[in-house]
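Single-structure report; data block below.
In the working numbering, the protein residues as written are 48 to 205.
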């Protein structure tokens, strides 16, 4: 897990590019324990900072507990004001940052791009290695060649 660093800029928190702390943990560790380890790592990191302490962008156990769940993109799409949209993007900032689509919101029109980029990552990007392995498996079995030679074999299943 990489702990993303953020710094306050005006009323927003902005991610600091290239500023992450690695956190190695067992997949069986519960979310509160991950948060505790992240806070410890952050405190140790801040002791060595000349420019002052950094802020960690994961501060609530509920955020960590829900990292594997998709964001509520419907609420982002339905945001009626820039303030509501900013609140929703900050609420889901960890997942949006992981997806690579966390950005400053200047107008309500920006919501479509955020949602589109997030859904593309959620459906395709995060599963691309699994899809690639599946394609390699089909290729190794020469499944597509067999399907082209005998197209009626899958008709009962479809």
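In this text, a Cβ means the ideal position worked out from N, Cα and C, and glycines have one as well.
Check, Outcome
"Tell me the rounded alpha-carbon separation between residue 144 and residue 189.", "39 Å"
"Quick check: what's the CA-CA separation for residue 170 versus residue 139?", "17 Å"
"Mark residue 90 as exposed unless 16 or more other C-beta atoms lie within 10 angstroms of its C-beta, in which case mark it buried.", "exposed"
"Tell me whether the beta-carbon of residue 162 lies closer than 8 Å to the beta-carbon of residue 132.", "no"
"Can you tell me whether DSSP reads residue 8 as helix, strand or coil?", "An answer regarding residue 8 cannot be provided, because it is not within the stretch 48 to 205 covered by the chain."
"Could you tell me the alpha carbon to alpha carbon distance between residue 183 and residue 172, rounded to whole angstroms?", "17 Å"
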